[in-house]
Every structure is written in structure tokens, then in C-alpha cells.
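> For the sequence shown, the working numbering begins at 239 and goes up steadily by one. Beta carbons are placed, not taken as given, at the ideal position from N, Cα and C, and that holds for glycine.
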Amino acid sequence: MKHLVFFGAPGAGKGTQAKKLAEQFNLSHISTGDVLRNEIAGLTELGNLAKKYMDKGELVPDDVIIAMVEHIIEKLSDQQGFILDGFPRTIPQVEALDIMLDKHNRQITKVIFLDVPKQELVNRLSSRAEIEGRADDKDINIIENRINVYNQKTTPVLDFYSKQNKLVHINGIGTIDDIYNRILSVV
Ligand code: AMP
């Protein structure tokens with residue numbers, strides 16, 4: 239069974255690629271950013287709390303995100319593989335994920351790292367602001383903050399999975415299909 243993590247900076251293309259792969263292999267696509275945006279749209283308590291952080295380009299606190307993901311994973315059937323998109327994003331999240339997967343006799347099989355240089359990320363996020371209207375893409379200062387937060391808090395996650403030989407490096411530059419074919423060749 240496939241249990242994949244899609245990893246990369248904001249704007250690296252995780253969501254686009256994860257959706258395509260999930261469809262092809264009938265995997266559950268778990269995007270923490272999408273779940274949070276739905277909570278915000280539904281005006282829930284979780285949405286209201288998350289919005290305060292997301293609007294500034296900060297990470298939502300670990301305990302909140304971990305409880306949310308655990309709830310989602312618990313609801314999957316035993317046979318259902320998944321792609322995590324946007325989680326784990328900190329070392330405490332990695333550790334919590336390990337414990338929750340252990341409980342369900344699952345293991346991360348591969349971590350797909352979509353590597354895209356910073357200037358390209360900024361260009362993509364700025365143009366996505368016009369297409370998708372995401373609040374956190376609209377302001378260059380928020381974009382910069384998200385990339386800084388990624389560099390400081392999220393990149394240590396790469397080392398963790400690299401030591402477990404689970405990390406696969408994918409060049410994230412090219413057309414959507416080019417990048418998808420690179421991913422297909424490793425999963
Ligand atoms: P994304 O759509 O993955 O870029 O996520 C949008 C925003 O949601 C992020 O900038 C964070 O504020 C929040 N978020 C999503 N996933 C996480 C996570 N694993 N940990 C903390 N915050 C998250």
C-alpha cells in the first residue's frame with residue numbers, strides 16, 4: 239500500500255501533482271491546507287483559529303494540526319493508501335505522524351521532494367493569487383514569510399526522511415506533465 243508524503247516549499251506544485259497521482263492510484267489525498275481552507279469557509283472554530291496564522295503566512299500550531307490529521311487518518315479504511323500534502327511540516331509533526339501510523343500498522347513509503355528555486359516559487363505564488371484568489375498569495379511580504387518559515391521550520395524534516403532512505407528528489411521545474419512523469423518513474 240502506498241503512503242506517500244509530498245514535500246516542498248509553498249508553490250512547489252505539491253497540490254497539483256498529489257491530486258493527479260491520487261486519482262491515478264486511488265489514494266486518499268490529504269491536504270492540510272485544503273482542510274483548513276474548508277474550515278475557514280465553514281466559519282468553524284478551527285477555521286477561525288487557523289485563519290489568524292494562515293493570513294500572516296505562519297504555521298498553525300502543531301497540536302492543532304496533529305489532532306486534525308489524526309482524525310482524518312483514523313477515518314480511512316485499513317486498505318486505503320494516502321498522499322499527505324503539506325504535512326508533516328515540522329519535526330514535532332514528523333514524530334507525531336510516526337506514532338499515529340504505528341498505531342495503524344502503517345509506514346510512510348516515500349517522501350517526494352519537489353525542488354523549485356526561490357525566484358520561481360515567488361513567481362508561481364504571485365500568479366496563483368490571480369487565478370485562485372488565495373489571501374496568503376496576494377501579498378509579497380506574506381509569500382516571503384511563508385518561504386522563510388519553510389526554510390527554518392520545515393526543511394529539517396528532509397534530513398529526518400533522508401536518514402530513513404525515504405526521500406526522493408524530483409526536479410520541480412518543467413511542465414505539469416514533465417514533472418508528473420518524473421514522479422511516476424519513482425513511485
Ligand atoms: P498550504 O496550502 O499547504 O500552502 O497551506 C496553507 C497554510 O495552511 C500554511 O501557510 C499554514 O498556515 C497552514 N498549514 C497547512 N498545513 C500545515 C501544517 N502541516 N502545519 C502548520 N500549518 C499548516
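Whole angstroms is fine: what's the gap from residue 351's alpha carbon to residue 341's?
If I take the Cα positions, the gap works out to 26 Å.
> Measure the Cβ-Cβ separation of residue 354 and residue 250 and say whether it is below 8 Å.
Yes. Within cutoff.
> Using CA coordinates, which residue listed in 284, 276, 361, 323 is at the minimum distance from residue 265?
Residue 265 has its Cα closest to that of 323, out of 284, 276, 361, 323.
> Could you tell me whether any non-hydrogen atom of ligand 1 is closer than 7 Å to the CB of residue 255?
Checking the Cβ of residue 255 against ligand 1 gives no.
> Going along the chain, which residues of its own chain have a beta-carbon closer than 7 Å to the beta-carbon of residue 300, five neighbours each way excluded?
Answer for residue 300: 328, 330, 331, listed in chain order.
> With burial defined as no fewer than 16 other Cβ atoms inside 10 Å of the residue's Cβ, what is the status of residue 248: buried or exposed?
Classification for residue 248: buried.
> Hey, is residue 292 close to ligand 1, as in C-beta under 7 Å from one of its heavy atoms?
At least one heavy atom of ligand 1 is nearer than 7 Å to the Cβ of residue 292, so yes.
> Assess contact between the stretch 371-390 and the stretch 281-297, defined as three or more Cβ pairs (one per stretch) separated by less than 8 Å. Is contact present?
Taking 8 Å as the limit for Cβ pairs, the verdict is that the stretch 281-297 does touch the stretch 371-390.
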